[in-house]
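Those sequence lines, one after another, are chains V and S.
Taking the working numbering, the leading residue of the first sequence gets 1, the next gets one more, and so forth.
Taking the working numbering, the leading residue of the second sequence gets 134, the next gets one more, and so forth.
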Amino acid sequence: MKNMLFVTSGIVAMILSTATLAGPREDLLTQYAAAAKATSFSAARGQTLHTQSFSGGKPDTPSCTTCHGKDTRGAGRALTGKTIEPVAVSVMPMRYTDPAKVEKWFKRNCTEVLGRECTPQEKGDWLTFVIGQ
Amino acid sequence: MRIPYRPLAIGLVTLAFSALVLARALAGDRHYFAPVANPVVKEECGSCHLAFAPSMLPARSWQRMMGELDKHFGDNASLDPAAAEKITNYLVANAGDAGGQRYSSKLLKGVATGAAPQRITELPKWVSEHRKVPDWEWRHKEVRTKANCVACHTAAEQGYYEE
């Protein structure tokens with residue numbers, strides 16, 4: 001079992017390291033994978049994180065969809081009424097290409113919604129989800 | 134002999150009228166508050182709400198606000214110190230009491246010397262300008278909050294405020 005895991009993580013590391021060449025989004029995923037000691041990220045888990053209602057954060061922002069909207073390809077809206085561009089990479093190709101920006105908003109928004117920072121695993125899952133959207 | 138004058142007279146009236154309209158448009162019945170021109174300020178202070186015009190608050194307001202970004206109207210809007218310093222400098226240099234701001238002294242009328250109001254929407258002059266806006270309009274789902282200037286002032290991003 002341990003061996004299996006070792007092999008899989010080796011393969012994942014290989015895939016991730018070739019992906020590194022692809023750009024800043026892939027670099028981010030590689031970093032999250034290393035930090036999480038994760039063997040894989042799951043878009044399905046990312047989707048759950050995105051749509052789930054949490055009770056640990058602020059009462060008026062129970063979910064990512066509170067601001068980002070239910071449709072990942074549609075615009076969202078902050079509580080101040082301000083429009084937020086869609087989170088799906090297919091319609092917003094420049095998204096998640098500035099690692100500092102991504103980290104800044106993960107920190108802010110996870111604290112708002114979950115009442116704590118997101119783990120590297122959660123960040124990787126969420127990013128995988130929106131990259132595929 | 135009168136006839137040739139008539140088209141001229143009409144022409145003059147038309148000219149005078151369009152000049153009047155043009156003069157009003159230029160001289161601004163539209164209150165103008167220069168929008169944020171600095172890309173860092175636009176990015177860091179314009180993603181949760183409109184990047185409010187620095188000329189709408191006095192310098193000391195911005196200084197105080199920038200010193201407590203971790204408690205920013207219930208949000209944590211913290212920035213790294215280098216970015217925060219750049220933004221503070223920009224806001225202070227273009228503040229309502231920095232001089233040369235045509236409509237700022239009007240908007241800031243009634244603010245006590247030394248006071249550092251944190252909300253544009255609580256300035257005495259802002260409140261009086263908006264006293265006729267009915268309650269249901271504030272609660273409208275497209276408005277949500279008084280700070281959502283763009284909902285009513287569609288050219289707010291360009292710096293123009295009128296009905």
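C-beta atoms are modelled at their ideal positions from N, C-alpha and C, and glycine is treated no differently.
Predicted, not measured: the structure shown is a model, and the values here were computed from it.
Bridge partner(s) assigned by DSSP for residue i
{"i": "residue 205 of chain S", "result": "S:208"}
{"i": "residue 252 of chain S", "result": "Bridge partners of residue 252 of chain S: none, in fact."}
{"i": "residue 76 of chain V", "result": "V:84"}
{"i": "residue 294 of chain S", "result": "S:164"}
Beta carbon of residue i nearer than 9 Å to that of residue j
{"i": "residue 223 of chain S", "j": "residue 171 of chain S", "result": "yes"}
{"i": "residue 180 of chain S", "j": "residue 70 of chain V", "result": "no"}
{"i": "residue 185 of chain S", "j": "residue 173 of chain S", "result": "no"}
{"i": "residue 25 of chain V", "j": "residue 96 of chain V", "result": "yes"}
{"i": "residue 247 of chain S", "j": "residue 238 of chain S", "result": "no"}
{"i": "residue 33 of chain V", "j": "residue 124 of chain V", "result": "yes"}
{"i": "residue 272 of chain S", "j": "residue 80 of chain V", "result": "no"}
{"i": "residue 297 of chain S", "j": "residue 163 of chain S", "result": "No answer is possible for residue 297 of chain S: it lies beyond the span of chain S, which begins at 134 and ends at 296."}
{"i": "residue 133 of chain V", "j": "residue 88 of chain V", "result": "yes"}
{"i": "residue 187 of chain S", "j": "residue 241 of chain S", "result": "no"}
{"i": "residue 254 of chain S", "j": "residue 280 of chain S", "result": "yes"}
{"i": "residue 129 of chain V", "j": "residue 36 of chain V", "result": "no"}
{"i": "residue 183 of chain S", "j": "residue 282 of chain S", "result": "yes"}
{"i": "residue 64 of chain V", "j": "residue 50 of chain V", "result": "yes"}
Buried/exposed call for residue i, threshold 16 Cβ in 10 Å
{"i": "residue 112 of chain V", "result": "buried"}
{"i": "residue 126 of chain V", "result": "buried"}
{"i": "residue 159 of chain S", "result": "Because the pLDDT of residue 159 of chain S is 44, which lies under 50, any placement of that residue in the model is unreliable, and the number read from its coordinates should be weighed accordingly. Classification for residue 159 of chain S: exposed."}
{"i": "residue 78 of chain V", "result": "buried"}
{"i": "residue 177 of chain S", "result": "buried"}
{"i": "residue 244 of chain S", "result": "buried"}
{"i": "residue 60 of chain V", "result": "exposed"}
{"i": "residue 106 of chain V", "result": "buried"}
{"i": "residue 161 of chain S", "result": "Low per-residue confidence applies at residue 161 of chain S: pLDDT is 49, beneath 50, and the placement is therefore not dependable, though the value from the model is reported in the following sentence. Residue 161 of chain S comes out exposed."}
{"i": "residue 131 of chain V", "result": "buried"}
{"i": "residue 232 of chain S", "result": "exposed"}
{"i": "residue 195 of chain S", "result": "buried"}
{"i": "residue 263 of chain S", "result": "exposed"}
{"i": "residue 166 of chain S", "result": "buried"}
{"i": "residue 94 of chain V", "result": "exposed"}
{"i": "residue 120 of chain V", "result": "buried"}
{"i": "residue 52 of chain V", "result": "exposed"}
{"i": "residue 201 of chain S", "result": "exposed"}
{"i": "residue 218 of chain S", "result": "exposed"}
{"i": "residue 267 of chain S", "result": "exposed"}
{"i": "residue 206 of chain S", "result": "exposed"}
{"i": "residue 287 of chain S", "result": "exposed"}
{"i": "residue 48 of chain V", "result": "exposed"}
{"i": "residue 209 of chain S", "result": "exposed"}
{"i": "residue 100 of chain V", "result": "exposed"}
{"i": "residue 122 of chain V", "result": "buried"}
{"i": "residue 284 of chain S", "result": "buried"}
{"i": "residue 250 of chain S", "result": "buried"}
{"i": "residue 86 of chain V", "result": "buried"}
{"i": "residue 155 of chain S", "result": "Low confidence applies here, because residue 155 of chain S scores a pLDDT of 39, under 50, leaving its location unreliable; read the following figure in that light. So residue 155 of chain S ends up on the exposed side."}
{"i": "residue 226 of chain S", "result": "exposed"}
Terminal residues of the alpha helix (DSSP H) in which residue i lies
{"i": "residue 222 of chain S", "result": "214-226"}
{"i": "residue 272 of chain S", "result": "268-272"}
{"i": "residue 154 of chain V", "result": "Outside the displayed range of chain V (1 to 133) lies residue 154 of chain V, so it cannot be described from this structure."}
{"i": "residue 200 of chain S", "result": "192-200"}
{"i": "residue 96 of chain V", "result": "Note, residue 96 of chain V: premise wrong, no alpha helix (DSSP H); not H, not E."}
{"i": "residue 186 of chain S", "result": "Segment: none, residue 186 of chain S is in no alpha helix (DSSP H) and carries neither H nor E."}
{"i": "residue 54 of chain V", "result": "Per DSSP, residue 54 of chain V belongs to no alpha helix (DSSP H) and is neither H nor E."}
{"i": "residue 262 of chain S", "result": "257-262"}
{"i": "residue 32 of chain V", "result": "24-36"}
{"i": "residue 124 of chain V", "result": "120-131"}
{"i": "residue 68 of chain V", "result": "64-68"}
{"i": "residue 231 of chain S", "result": "Counting along the chain, residue 231 of chain S falls outside any alpha helix (DSSP H), and DSSP gives it neither H nor E."}
{"i": "residue 176 of chain S", "result": "172-178"}
{"i": "residue 285 of chain S", "result": "282-285"}
{"i": "residue 238 of chain S", "result": "237-240"}
Contact test: residue i Cβ vs the ligand FAD heavy atom, cutoff 8 Å
{"i": "residue 241 of chain S", "result": "Within the structure as shown, the ligand FAD is missing, as the structure has no ligands at all."}
request  = Scan the region 53-83 of chain V for residues whose Cβ lies nearer than 8 Å to a Cβ of chain S and list them as they occur along the chain.
outcome  = 58, 78, 79, 80, 81 and 82
ask   = the region 180-197 of chain S: which residues have C-beta closer than 9 Å to a C-beta of chain V, in chain order?
value = From the region 180-197 of chain S, only 180, 181, 182 and 183 have a Cβ closer than 9 Å to chain V.
inquiry  = Residues of the region 85-111 of chain V in Cβ contact with chain S at a cutoff of 7 Å, in chain order, please.
reply    = 108 and 111
task = For the region 276-287 of chain S, enumerate the residues whose C-beta is nearer than 7 Å to any C-beta of chain V, in chain order.
result = 276, 277, 278, 280, 281 and 284
ask   = Using a beta-carbon distance cut-off of less than 7 Å, what residues from the region 224-236 of chain S approach chain V?
value = none
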